[in-house]
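Those protein sequence lines, which keep their order, are chains A and B. In terms of this note's numbering, the first sequence has 650 at position 54, counting the first letter as 1, and numbering is strictly consecutive. In terms of this note's numbering, the second sequence has 40 at position 27, counting the first letter as 1, and numbering is strictly consecutive.
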Amino acid sequence: MERSETSPYGTLWKTWGLLLALTVVMVFVDVMGLPRILLLVVLIAAMLTKAFFISSRFMDLRHEKMVVGLAVAFSLLFFGAILFALMIPDGFAILHGGR
Amino acid sequence: MNWSGGVAPLGMSWQKVMMWIFIVTDGLLFAGFLASYGFARTAAPSWPNQQEVFHLWFISLMTFVLISSSATMATSVAAARLADWKKASTMVLLTFAGGAVFLAMQAYEWGGLIREGVTISGNPWNVPAFGNYFFLITGFHGTHVLIGTVVLLTLSFRARAGKTTAAGVELAGLYWHFVDLVWVFVFTLFYLV
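Have a look at this one:
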């Protein structure tokens, strides 16, 4: 792959700073005591943002063919979401004595 | 029938394709663990308050160490591509150090919890699933880190001796970033949520 930047290191350390900043925000939000639903939304959004930057910048998916990134993201997010969508409601059902 | 995909339809070596397939399957393993943990947690009438059970600043420090080791690994891959082998091997060694520090911190955390009476079948808060999933998930992740440190140490010597290629460093890098990626999900879903 041809790269336009002369030094590739700058982007990597910027990504590092971004990931750390997101982690600090997540911990801060967690101890702040937000309403549960809001906390979940903020944390999961931050988590997926971190995952995006690690896979696109560190794992270099942005320089691969787009189909590779799409295949990886689709497989993991889609099947991961199915697992959660199938199992979590059952957990609530058991807790509330449903059958 | 006419196959026009050439020898590398994804534009990458077969080694890299295999590494990505491994990453997806291994990622699904962790997705399964985390989903079943979510199930056990929603089904449990109560769950220990993580801010009381864990030292959140310590876990955040572990996260910092792992993210930093991922950054040094990415730097190493970039250096190897520029054939700067001195920098590449030094950065791999730093990445190894980060992994070793992370493991030491995790051992310390496990030790503290075990002394408090947390096992895979019971704990002071009477939520057996808590200890069970804690040791399962952090244990599997820690094992991945352990394997990674062995790979990285080997790689740093090989890089110094000129026995590896940029593609080799990249493969080790993909694995290491994956370990960091899994920790992002474990940290959020187990320690924060």
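Here a beta-carbon is modelled for each residue, glycine too, at the ideal position from N, C-alpha and C. Since this is a predicted model, take the numbers as computed values, not measurements.
Item, Value
"Going along the chain, which residues of its own chain have a beta-carbon closer than 6 Å to the beta-carbon of A/Glu598, five neighbours each way excluded?", "Reliability of the predicted coordinates at A/Glu598 is poor, the pLDDT of 49 falling under 50, and no value is obtained from them."
"Please tell me whether B/Trp123 and B/Pro61 are closer than 8 Å, where the distance is taken between their beta carbons.", "no"
"Helix, strand or coil: how does DSSP classify B/Ser49 here?", "helix"
"Going by DSSP, what residue range makes up the alpha helix (DSSP H) through A/Lys661?", "Neither: A/Lys661 is in no alpha helix (DSSP H) and is coded neither H nor E."
"Which residues, taken in chain order from the stretch 115–134 of chain B, show a beta carbon closer than 8 Å to some beta carbon of chain A?", "none"
"Thinking B/Ala44 and A/Leu672 are a contact (beta carbons under 8 Å), I'd like their distance in whole angstroms, please.", "7 Å"
"Taking 8 Å as the CB-CB limit, is A/Pro631 close to chain B?", "no"
"Residues of chain A with a CB under 8 Å from the CB of B/Gly24: which are they?", "Glu660, Lys661, Val664"
"Against chain B, does A/Gly676 count as a neighbour if the rule is that its beta carbon must be under 8 Å from one of theirs?", "yes"
"Quick check on the burial criterion: 16 or more other C-beta atoms within 10 angstroms. Buried or exposed for A/His692?", "exposed"
"Alpha carbon to alpha carbon, what distance is there between B/Val66 and B/Glu183?", "38 Å"
"Answer yes or no: do B/Gly161 and B/Trp189 have a C-beta to C-beta separation smaller than 8 Å?", "yes"
"If I measure Cβ to Cβ from B/Tyr204 and keep anything under 8 Å in the same chain, skipping five residues before and after, which residues do I get?", "Gln63, Phe67, Leu69, Ile72"
"Would you call A/Met643 buried or exposed, if buried means 16 or more other Cβ atoms sit within 10 Å of its Cβ?", "buried"
"Is any beta-carbon of chain A found at less than 8 Å from that of B/Ile150?", "no"
"Against chain A, with Cβ distances strictly below 8 Å, would B/Ile193 count as a contact?", "In the sequence on display, residue 193 of chain B carries Asp and not Ile. Output row for B/Asp193: interface = yes."
"Please confirm if the stretch 88–98 of chain B is in contact with the stretch 172–183 of chain B, defined as three or more CB-CB distances below 8 Å between the two stretches.", "yes"
"Short of 7 Å in beta carbon distance, which residues of its chain neighbour B/Gly112, apart from the five on each side in sequence? Order them along the chain.", "Ser82, Val158, Gly161, Thr162, Leu165"
"Please confirm if A/Ser671 has its CB atom under 8 Å from at least one CB of chain B.", "yes"
"Excluding the 5 residues flanking B/Val199 on each side, which residues of the same chain have their C-beta closer than 8 Å to its C-beta?", "Phe43, Leu47, Ile150, Thr151, His154"
"Beta carbon of A/Ile640, beta carbon of B/Val197: below 8 Å?", "no"
"DSSP on B/His154, reduced to helix/strand/coil?", "helix"
"To be precise: take each residue of the stretch 612–624 of chain A, compare its Cβ to all Cβ atoms of chain B, and keep it if any distance is under 7 Å. Which residues remain?", "Trp612, Leu615, Leu616, Thr619, Met622, Val623"
"Assign A/Asp656 to one of three DSSP states: helix, strand, or coil.", "coil"
"Measure the C-alpha to C-alpha separation of A/Ala669 and B/Ile36 and round it to an integer number of angstroms.", "11 Å"
"Closest Cβ-Cβ distance between B/Ile80 and chain A: below 8 Å?", "yes"
"Comparing alpha-carbon positions, which option in B/Thr167, B/Met31, B/Phe148, B/Asn15 lies nearest A/Val664?", "B/Met31"
"May I ask which residues mark the beginning and end of the alpha helix (DSSP H) holding B/Gly135?", "Counting along the chain, B/Gly135 falls outside any alpha helix (DSSP H), and DSSP gives it neither H nor E."
"Would you say the beta carbon of A/Gly665 is closer than 7 Å to some non-hydrogen atom of the ligand FAD?", "Absent from the structure shown: the ligand FAD. Ligands present: none."
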